[in-house]
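Note sheet for the following structure.
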Amino acid sequence: MSRITYVNGRYVPSREAVVSVEDRGNQFADAVYEACQIKDGAIIDLRRHLDRLDRSLAELRIVSPMSRAAMTHVLREVARRNRVENGYVYWQISRGAAPRDHAFPTGVNPTFTATAKSLDVAAAALRYEKGVPVITLPDNRWERVDIKTVGLLPNALAKQAAREAGAFEAVFVDADGFVTEGSSANVWLVDGEGRLVTRPAERGILRGITRSVLMEVAAAEGVPVVERRFTVAEMKAAREVFLTSAGAILCPVVSVDGETVANGAPGSVAATLRRRFHDIAERTPI
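With the first letter of the sequence shown counted as 1, position 159 gets the number 996 in the working numbering; the numbers rise by one all the way through.
Below you can see the structure in the form of structure tokens.
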């Protein structure tokens, strides 16, 4: 079956989906995006993702191309047309197409594209059962990582470095030696007292939607959460380490820079939180 992509009001075969070569998302990374997990025929936490999208658009002064209700319809429809039961839906909004000039153009309409794709559920489950290795790298991104823009070259280079090192993810470390986040995930540890520790989202990381929902899950399970900075050494010495993202939800980490975390296997806190996650996350049927 040919995949279907939504482009500015039309659902077209993905091989025919095009945007202008002068689109500012292409030339300046002047665009924002979101992605939601699709699980068992429902989009997960769509409302929260749309809330964050609104914030990103406002920060870049890009006008939304349509109402939230209309956007919800488009996302459900693109998932339905691609027959995705388990996978993700991705959408991107740029400032639009205009002759190349660094300053914002006037009189242009935003470019809105959306796609949906099925994922290998068995492969994801295997990563969870075994856990994954990560490496650490200096954080070389711009300061406004709180805005979910498509300017992801440092993230892509970090992810490639992880792959070449035989790791699943690269974890960024700031100039003061504290962990920020992964190239495409938030980072957590379980300390010696059984508390969840993650970096505050006010500066240096993206406020992950899965991160926010996981805090609600932790509260329901009576697991304390502490938002503070932590070092690579603390991560290596932790009882558990795991990553969260919309795609993977929660993925245990079993080694950092080649050093085994705890006993080298996924921990009980991660198992509990992952098991309860979809009981609390919001579902929008396709």
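Glycine included, C-beta positions come from ideal geometry on N, C-alpha and C.
_For Arg932 and Val926, what's the separation of their Cα atoms in angstroms?_
The residue labelled residue 932 in the question sits at position 95 within the sequence shown. The residue labelled residue 926 in the question sits at position 89 within the sequence shown. Each residue's Cα considered, the two are about 21 Å apart.
*Thinking C-alpha only, which one of Glu871, His886, Ser893, Asp860 is nearest Ala1118?*
For the purposes of this step, residue 1118 is identified with residue 281 of the sequence shown, where counting begins at 1. When only C-alpha atoms are compared, the closest one is His886.
*If you compare alpha carbons, which of Phe1114, Ala951, Asp938, Asp882 is closest to Val855?*
For the purposes of this step, residue 855 is taken as residue 18 along the sequence shown, with counting starting at 1. It is Ala951 whose Cα lies nearest to the Cα of Val855.
*In the DSSP assignment, find the unbroken alpha helix (DSSP H) run with Ala951 in it and report its ends.*
Counted from its first residue, the sequence shown places residue 951 at position 114. Run containing Ala951: none in the alpha helix (DSSP H); it sits in the beta strand (DSSP E), 948-955.
*Is there contact between the region 1020-1035 and the region 1070-1086, where contact requires at least three CB pairs shorter than 8 Å?*
yes
*Got a sec, what are the start and stop residues for the beta strand (DSSP E) Asn923 sits in?*
Here residue 923 refers to the residue found at position 86 when the sequence shown is read from its first residue. Note, Asn923: premise wrong, no beta strand (DSSP E); not H, not E.
*Going by DSSP, name the residue or residues bridged to Asn1023.*
Taking the first residue of the sequence shown as position 1, residue 1023 is located at position 186. Bridge partners of Asn1023: Thr1081.
*Would you grab the beta carbon distance between Leu1110 and Glu1058 for me? Rounded to a whole angstrom, and I think it's under 8 Å.*
Here residue 1110 is taken as the residue at index 273 of the sequence shown, counted from 1. Here residue 1058 is taken as the residue at index 221 of the sequence shown, counted from 1. About 7 Å separates the two Cβ atoms, so the contact holds.
_Quick check: the Cα distance between Gln864 and Arg937, rounded to an integer number of angstroms?_
Walking along the sequence shown from the start, residue 864 turns up at place 27. Walking along the sequence shown from the start, residue 937 turns up at place 100. For Gln864 and Arg937, the distance between alpha carbons rounds to 8 Å.
*Which of helix, strand or coil does DSSP assign to Phe1005?*
To locate residue 1005, count along the sequence shown from 1; it is residue 168. If DSSP states are grouped into helix, strand and coil, Phe1005 belongs with coil.
*Along the chain, which unbroken stretches of the beta strand (DSSP E) at least 3 residues long are found entirely within the region 1045-1073?*
1062-1064
*asked:* By alpha-carbon positions, which one of Ser1092, Ala866, Arg1066 ends up nearest to Asn1100?
replied: Here residue 1100 corresponds to residue number 263 of the sequence shown, with the count starting at 1. The candidate whose alpha carbon is nearest that of Asn1100 is Ser1092.
*Identify every residue that forms a DSSP beta bridge with Gln874.*
Locating residue 874 in the sequence shown gives position 37, where the first residue counts as 1. DSSP lists Tyr925 as partners of Gln874.
*Count the C-beta pairs between the region 955-966 and the region 1017-1033 that are closer than 8 Å, then say yes if the count reaches three, no if not.*
no
_What residue range does the beta strand (DSSP E) around Leu912 cover?_
Here residue 912 is taken as the residue at index 75 of the sequence shown, counted from 1. It is not in any beta strand (DSSP E) - Leu912 instead sits in the alpha helix (DSSP H) that spans 905-918.
*What are the residues that DSSP puts in a beta bridge with Pro1122?*
Numbered from 1 along the sequence shown, position 285 holds the residue referred to as residue 1122. For Pro1122, which the question treats as bridged, DSSP gives the partners Ala879.
*asked:* Since Leu890 and Val982 should fall inside the 8 Å C-beta cutoff, what is the C-beta to C-beta distance between them, to a whole number of angstroms?
replied: To locate residue 890, count along the sequence shown from 1; it is residue 53. To locate residue 982, count along the sequence shown from 1; it is residue 145. Not a contact, Cβ separation roughly 16 Å.
*In angstroms with no decimal places, state the Cα-to-Cα distance between Val1024 and Val1090.*
The count along the sequence shown starts at 1 and reaches residue 1024 at position 187. The count along the sequence shown starts at 1 and reaches residue 1090 at position 253. If I take the Cα positions, the gap works out to 10 Å.
*Proximal residues to Ile972 (C-beta, below 6 Å), its chain only, five neighbours per side dropped*: Position 135 of the sequence shown, counted from the first residue, corresponds to residue 972. Once the five neighbours on either side are set aside, the close Cβ partners of Ile972 are Ala999, Ala1002, Ala1004, Ala1007, Asp1094.
*When you compare only the Cα positions, how much space is there between Ala1012 and Trp979?*
For the purposes of this step, residue 1012 is identified with residue 175 of the sequence shown, where counting begins at 1. For the purposes of this step, residue 979 is identified with residue 142 of the sequence shown, where counting begins at 1. Roughly 13 Å separates the two Cα atoms.
*Which partner residues does Glu1096 have in the DSSP bridge list?*
Within the sequence shown, residue 1096 is the residue found at index 259, counting from 1. Val1093.
*Start and end residues, alpha helix (DSSP H) containing Glu847*: Within the sequence shown, numbered from 1, the residue matching residue 847 stands at position 10. The sequence shown places Arg at residue 847, rather than the Glu named in the question. First-last for Arg847: 847-850, but that is the beta strand (DSSP E), not the alpha helix (DSSP H).
*Is it buried or exposed for Lys985, if we count other Cβ within 10 angstroms and need 16 for buried?*
By 1-based counting over the sequence shown, the position of residue 985 is 148. It counts as buried.
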